[in-house]
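**Q**
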Amino acid sequence: MNNLSLYRSILLALGMAVSVSAFASNSVPAEAQSLDFVYQGRLQQNGHPASGNFNLEFTLWDAQSGGTQFGNPIDEAAWPVIDGVFSINLAWPGAFDGTQRWLQVKVNGVLLQRTPVATVPVAQFALNGVAGPAGPAGATGAAGPIGATGAGGATGATGDAGAAGPTGAAGPTGAEGPTGATGAAGATGATGGTGAPGETGPQGATGTTGAAGAAGANGATGATGPAGATGSNGATGATGAPGQVGATGAAGAVGPTGANGSPGVQGATGLQGPTGPTGANGATGATGPTGAASTVPGPTGPTGAAGPAGSGGGASVRASNGTTIGALTAINRSGVSVINSSGYAFNINWNGTVAVQQTYFSNADCTGTAVLNSGGSTTVGATVYGKTVLRSSAGQLYKVTSVDVNLSSSAVNSGMTAASIDNLSTGCSSSTSVAYGWPLTAVNPSDVGITTTAAPLSFP
333 MNNLSLYRSI
343 LLALGMAVSV
353 SAFASNSVPA
363 EAQSLDFVYQ
373 GRLQQNGHPA
383 SGNFNLEFTL
393 WDAQSGGTQF
403 GNPIDEAAWP
413 VIDGVFSINL
423 AWPGAFDGTQ
433 RWLQVKVNGV
443 LLQRTPVATV
453 PVAQFALNGV
463 AGPAGPAGAT
473 GAAGPIGATG
483 AGGATGATGD
493 AGAAGPTGAA
503 GPTGAEGPTG
513 ATGAAGATGA
523 TGGTGAPGET
533 GPQGATGTTG
543 AAGAAGANGA
553 TGATGPAGAT
563 GSNGATGATG
573 APGQVGATGA
583 AGAVGPTGAN
593 GSPGVQGATG
603 LQGPTGPTGA
613 NGATGATGPT
623 GAASTVPGPT
633 GPTGAAGPAG
643 SGGGASVRAS
653 NGTTIGALTA
663 INRSGVSVIN
673 SSGYAFNINW
683 NGTVAVQQTY
693 FSNADCTGTA
703 VLNSGGSTTV
713 GATVYGKTVL
723 RSSAGQLYKV
733 TSVDVNLSSS
743 AVNSGMTAAS
753 IDNLSTGCSS
763 STSVAYGWPL
773 TAVNPSDVGI
783 TTTAAPLSFP
């Protein structure tokens, strides 16, 4: 492998490469999150994006060098790399507990330097993760010793009772006053409400029905006349005797052969048949022995003819009308990941819609300024593929705004306090978080090379 380099970044394909977003949010997930995360890398060969199939091996460690390996290596033979980009699902259950981990990649037998794992896979256990099972209760500690009882205080002396005061003399009873005049009669009270109506009397008896008039008599049916007698059949005449068969006559002489007719007009030339399939390429000849090194450089030979076109890369994804959407890079239970001919990467749900990824918005209805969530302040500087495309739950397409020469984009502190956040599983909900991540730009489908994603999808 000549001058092979691997640029690496770890991200979760939100809502598509894994079941739900692994970024932290205030929403409550509908079900337990997948332990897989998507490793996405870019492979260059001789300074250019590599394409083809490469043997990849991934291992997880607890130190930048030496240390202990977690789980078993994940090997993928002949894994497809398209325009320098590849994507693969990795999983080491229980490895991400908040302690720093390092990922080591081997490409076609070449071992690359370990790189620290960013916080995105660890976010599987962040605020929107499903709580793990409760650990067993610890043993009850022994009771502490009872403290000594303190000495009782002394009882104070009872004070002397005070002397009782003298009882006062009773006063004389006063004379009864005169009877007051009779007061004026009070006003007449208001008339009481109308009483409830009495019960309805019983219904009178129904009168007798008058007698029905007599029906007129039907006229009598006339008698059927007798059938006439059937006449007798006449006698059958006798069959005549058959005549004798005549003798067969002699065959006549064969007449002379007629003259040949003139040639007919030549028919029109038929359509040319389809071109036959291209024959297989011949086997590569054995490499000749290396000649002795010359001290004088030889002249530069002429440029060889262009080799035959290759047989094509991996599988492609097509919409329901047969239009090719792009090259297949990943597939899972939610949908597929593709890269189209314009180099844009996006996820498509099985229902034919571009997938939603966890995104902050400046307005309360998931509109306005948009920032793709990277997972918090500790992720500043984390990279994502710079030509990533996603959709909001309102149906608007967005692409990552800033892309460097290596087709990467780094997460930043946008300085925006979000009013809402969009999630694949729960849709739009309110938020007051500071938006850390990748600023986005609203686009039309034609701006990013998307003509249709209509379901059902096919993989020719």
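Note that the working numbering numbers the sequence shown so that position 310 is 642, with each residue one more than the last. Ideal Cβ positions, reconstructed from N, Cα and C, are used throughout, including at glycine.
How is S419 classed by DSSP in three states: helix, strand or coil?
**A** Taking the sequence shown and counting its residues from 1, one reaches residue 419 at position 87. Strand.
**Q** Taking only the alpha-carbon atoms, compute the straight-line gap between N776 and S742 and give it to the nearest angstrom.
**A** Mapped onto the sequence shown, residue 776 falls at position 444. Mapped onto the sequence shown, residue 742 falls at position 410. Between N776 and S742, the C-alpha separation is close to 23 Å.
**Q** Leaving out the 5 sequence neighbours to the left and right, which residues in its chain are closer than 7 Å to S752 when beta-carbon positions are compared?
**A** Locating residue 752 in the sequence shown gives position 420, counting from the first residue. The residues are F693, N695, A696, D697, C698, C760, S761, S762, S763.
**Q** Tell me V721's beta-bridge partners as DSSP assigns them.
**A** Indexing the sequence shown from 1 puts residue 721 at position 389. According to DSSP, which records beta bridges pairwise, V721 is partnered with K731.
**Q** Output the distance between the C-alpha atoms of L367 and A615, rounded to the nearest integer angstrom.
**A** By one-based count along the sequence shown, residue 367 stands at place 35. By one-based count along the sequence shown, residue 615 stands at place 283. Looking at the two C-alpha atoms, the distance is approximately 45 Å.
**Q** Taking DSSP's pairing of strands, which residues face P274 in a bridge?
**A** No answer is possible for residue 274: it lies beyond the span of the chain, which begins at 333 and ends at 792.
**Q** Mind checking W682: buried by the 16 CB within 10 Å criterion, or exposed?
**A** Here residue 682 is taken as the residue at index 350 of the sequence shown, counted from 1. When all chains shown are included, W682 counts as exposed.
**Q** Expressed to the nearest angstrom, what Euclidean distance is found between the alpha-carbon atoms of A677 and N705?
**A** Mapped onto the sequence shown, residue 677 falls at position 345. Mapped onto the sequence shown, residue 705 falls at position 373. Taking the Cα positions, A677 is about 17 Å away from N705.
**Q** Would you tell me roughly how many angstroms separate the C-alpha atoms of D429 and Q401, rounded to the nearest one?
**A** The residue you call residue 429 lines up with position 97 of the sequence shown. The residue you call residue 401 lines up with position 69 of the sequence shown. Each residue's Cα considered, the two are about 15 Å apart.
**Q** In angstroms, rounded to a whole number, what distance separates the CA positions of L422 and P477?
**A** Walking along the sequence shown from the start, residue 422 turns up at place 90. Walking along the sequence shown from the start, residue 477 turns up at place 145. Between L422 and P477, the C-alpha separation is close to 55 Å.
**Q** Per DSSP, which residues does E389 bridge with? Please list them.
**A** Counting from 1 along the sequence shown, the entry for residue 389 is found at position 57. BP columns for E389 point to D407, K438.
**Q** So, for L722: in the same chain, excluding its five sequence neighbours on each side, which residues have a beta-carbon less than 6 Å away from its beta-carbon?
**A** For the purposes of this step, residue 722 is taken as the residue at position 390 of the sequence shown. If we look at L722 and ignore the five residues flanking it on each side, its Cβ neighbours are Q689, Y730.
**Q** When you compare the CB positions of R433 and L392, do they come within less than 8 Å of one another, or not?
**A** Residue 433 sits at position 101 when you count from the first residue of the sequence shown. Residue 392 sits at position 60 when you count from the first residue of the sequence shown. Contact flag set, yes.
**Q** If you run the structure through DSSP and keep just helix, strand and coil, what is V649?
**A** Translated into the one-based positions of the sequence shown, residue 649 becomes position 317. Three-state DSSP puts V649 in a strand.
**Q** Could you round the C-beta distance between G314 and D736 to whole angstroms and report it? I think they count as a contact, below 8 Å.
**A** No statement about residue 314 is possible, as the shown extent of the chain runs from 333 to 792 and does not include it.
**Q** Check this for me: beta carbons of T715 and V732, under 8 Å apart or not?
**A** Translated into the one-based positions of the sequence shown, residue 715 becomes position 383. Translated into the one-based positions of the sequence shown, residue 732 becomes position 400. Not in contact: T715 and V732 (Cβ atoms no closer than 8 Å).
**Q** What distance in whole Å lies between the Cβ atoms of Y768 and S709, which are believed to be in contact at a cut-off of 8 Å?
**A** Here residue 709 refers to the residue found at position 377 when the sequence shown is read from its first residue. Here residue 768 refers to the residue found at position 436 when the sequence shown is read from its first residue. With a Cβ gap of about 6 Å, S709 and Y768 count as contacting.
**Q** Would the beta-carbon of W770 fall within 8 Å of that of V686?
**A** Within the sequence shown, numbered from 1, the residue matching residue 770 stands at position 438. Within the sequence shown, numbered from 1, the residue matching residue 686 stands at position 354. For W770 and V686, no; Cβs fall outside 8 Å.
**Q** What does a CB cutoff of less than 8 Å around A382 pick up in its chain, not counting 5 residues either side in sequence?
**A** Taking the first residue of the sequence shown as position 1, residue 382 is located at position 50. Hits under 8 Å: L336, L375, Q376, V413, G416.
**Q** Please classify P412: does DSSP put it in a helix, a strand, or coil?
**A** For this step, residue 412 is matched to residue 80 along the sequence shown. Correct three-state label for P412: strand.
**Q** Looking at C-alpha atoms only, which residue of A495, G384, G403, T431 is the closest neighbour of A409?
**A** For the purposes of this step, residue 409 is taken as residue 77 along the sequence shown, with counting starting at 1. For the residues A495, G384, G403, T431, the minimum Cα distance to A409 belongs to G384.
**Q** For R446 and Q396, I'd like the C-alpha separation in whole angstroms.
**A** Residue numbering aside, residue 446 sits at position 114 when the sequence shown is read from its first letter. Residue numbering aside, residue 396 sits at position 64 when the sequence shown is read from its first letter. Cα to Cα, the separation comes out at about 6 Å.
**Q** Whole angstroms are fine: how far does the CA of P621 sit from the CA of G441?
**A** By 1-based counting over the sequence shown, the position of residue 441 is 109. By 1-based counting over the sequence shown, the position of residue 621 is 289. The straight-line gap from Cα to Cα measures roughly 26 Å.
**Q** Name the DSSP beta bridge partners of L367, please?
**A** Within the sequence shown, residue 367 is the residue found at index 35, counting from 1. Paired residues: none, contrary to the question.
**Q** Ordered along the chain, which non-local residues of its own chain (more than five positions away) have a Cβ less than 6 Å from that of G700?
**A** Within the sequence shown, residue 700 is the residue found at index 368, counting from 1. Excluding residues within five positions, the ones whose Cβ falls inside 6 Å are F693, S694.
**Q** Exposed or buried, T691, counting other C-beta atoms within 10 Å across all chains shown (16 or more means buried)?
**A** Counted from its first residue, the sequence shown places residue 691 at position 359. Classification of T691: buried, given that the 10 Å Cβ count is 16 or more.
**Q** Is the beta carbon of S648 closer than 8 Å to that of T656?
**A** Your numbering for residue 656 matches position 324 in the sequence shown. Your numbering for residue 648 matches position 316 in the sequence shown. Yes.
**Q** Give the C-beta separation of L435 and F386 to the nearest angstrom, bearing in mind that I take them to be a contact with Cβ-Cβ under 8 Å.
**A** For the purposes of this step, residue 435 is taken as the residue at position 103 of the sequence shown. For the purposes of this step, residue 386 is taken as the residue at position 54 of the sequence shown. Not quite, the Cβ-Cβ distance comes to about 17 Å (not below 8 Å), so this is no contact.
**Q** How many Å lie between L789 and S666 at the Cα?
**A** The residue you call residue 789 lines up with position 457 of the sequence shown. The residue you call residue 666 lines up with position 334 of the sequence shown. Counting only the Cα atoms, S666 lies some 13 Å from L789.
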